[in-house]
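Shown next, in structure tokens, is the structure this report addresses.
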Amino acid sequence: MSTQRLPLVDVDDLPADLREMVDRWREQEDGDPNFIRTLANAPEMLRRFVPFYSPLVLKGVVEHRTKELVRISIAWHNQCRYCIATKYGSGRRAGIDDALVQEIARYETGPFTERERAALRFADAIVVDPGDVPADVVDRLRRSFDEREILELTWVICLWIETGRLFAALEVPYGADAPSGPVEVPA
Amino acid sequence: MSLAATGPDREILETLDHAPHRLERFLAFFEHAAVEPFDDSRLRDAVAARVARLAALEHAGALVGDDLPAPPAGLEADALALVRFADAFALDYQAIPDDVYAELDRHFDAPALTELLWTFAILRGIARARNVLS
């Protein structure tokens, strides 16, 4: 029995602009539509969120590969099954294959650049205690990133931690064939 | 509407201004999301205040066990349902009791609940960023 807490909107029932959003997400990023199908319960909010979120993740001042490594690491911290299953096409094109994903937990010794290691260490620290990021973690970060890049990293890390936890709590399913409509909730 | 009424202060939000159009795009989303589902300031203020209170406790290392402060007195049932969700989420987002969701479902339909919960998560993200950047 499903325990997902919000219904998924059927793709065929989406307004035309949101169906196009699903198509672009699939074509460009090989993305699973259930992120959109969940937030499409509130279509106007989704329309306003994507123009902020998509450039933050895919473009921005920090290269996508580093941010995608951080996103995957946070997904594991959060134990968000949807976030773990999600793999951006942009990430794969930047060399993040399944073998590399398996190395993220051992990033200090795995095949990563110092810049990527510093970002992953910073994310770990924010997950554990956002109010007490150790000075050596910040110093290390500053050796690889400028101020604008640190601000962007901070924001994506903080937003991914909390939105990922919400998706975990809501048990958003992964897979285009996840059923739409009313949700069964355990008694 | 005033952003101050929703909790996050402009000083933290302005750190989003590190890339072109980022702050304005965030505000275009957030000022909608923080208003539309919260059809009056009563709900919005209850959620924002609770998120800020929990973040402050977390920042102080005082968010432990089940020992959370009691919800503010005088909350109506719908606001109380949101506060109870916020508390359960803060304690263990992977083990939110069914009755907490059932209470939310009693007061909000799927569109409202989607906006409320997504806005709640964003508010928590802002609070977390504030703890890091401060």
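These protein sequence lines are chains A and B, in that order. For the first sequence, the residue numbers in the numbering used here are 1 to 187. For the second sequence, the residue numbers in the numbering used here are 1001 to 1134. Cβ atoms here follow ideal geometry from the backbone N, Cα and C, with glycine treated the same way. A quick note: this is a predicted structure, and the numbers were derived from the prediction, not measured.
message: Which complete alpha helix (DSSP H) runs does the segment 32–69 of chain A hold, if anything under 4 residues is left out?
response: 34–39, 43–58
query: Taking the alpha-carbon positions, what's the His1059 of chain B to Ala16 of chain A distance?
result: 44 Å
task: Would you mind reading off the limits of the alpha helix (DSSP H) that contains Tyr82 of chain A?
output: 81–85
message: Could you compute how far the alpha carbon of Leu1123 of chain B sits from the alpha carbon of Arg121 of chain A?
response: 24 Å
query: Under a three-way DSSP split, which group does Gln102 of chain A fall into?
result: helix
- prompt: Is it the case that the Cβ atoms of Tyr1101 of chain B and Phe1089 of chain B are separated by a distance below 9 Å?
  reply: no
- prompt: Val137 of chain A: which of A:Arg117, A:Glu147, A:Pro43, A:Arg24 sits nearest, CA to CA?
  reply: A:Arg117
message: Can you tell me whether Ser1134 of chain B is buried or exposed? The criterion is at least 16 other CB atoms within 10 Å of its CB, across all chains shown.
response: exposed
Helix, strand or coil at Asp23 of chain A according to DSSP, with G and I counted as helix: helix
field: Range covered by the alpha helix (DSSP H) that runs through Arg5 of chain A
entry: Counting along the chain, Arg5 of chain A falls outside any alpha helix (DSSP H), and DSSP gives it neither H nor E.
message: Less than 9 Å between the beta carbons of Leu1116 of chain B and Leu1082 of chain B, yes or no?
response: yes
task: Starting from the beta carbon of Pro7 of chain A, find every residue of chain B whose beta carbon is closer than 8 Å, and list them in chain order.
output: Ala1110
field: Closest Cα partner of Ala1129 of chain B within the set A:Cys158, A:Thr66, A:Pro51, A:Gly31
entry: A:Cys158
- prompt: Are the C-beta atoms of Val1083 of chain B and some chain A residue less than 9 Å apart?
  reply: no
field: Straight-line Cα distance separating Asp1078 of chain B from Ala1112 of chain B
entry: 12 Å
- prompt: Is Gln28 of chain A helix, strand or coil when you go by DSSP?
  reply: helix
- prompt: Does any residue of chain A bring its CB to less than 9 Å from the CB of Gly1061 of chain B?
  reply: yes
message: Please report the distance separating the alpha-carbon of Val172 of chain A from that of Gly131 of chain A.
response: 29 Å
Ala1033 of chain B versus Asp13 of chain A: straight-line alpha-carbon distance, rounded: 22 Å
Alpha-carbon to alpha-carbon, Ala1127 of chain B and Ala1052 of chain B: 7 Å
Rounded straight-line distance, which links the Cα of Thr66 of chain A to that of Gly95 of chain A: 11 Å
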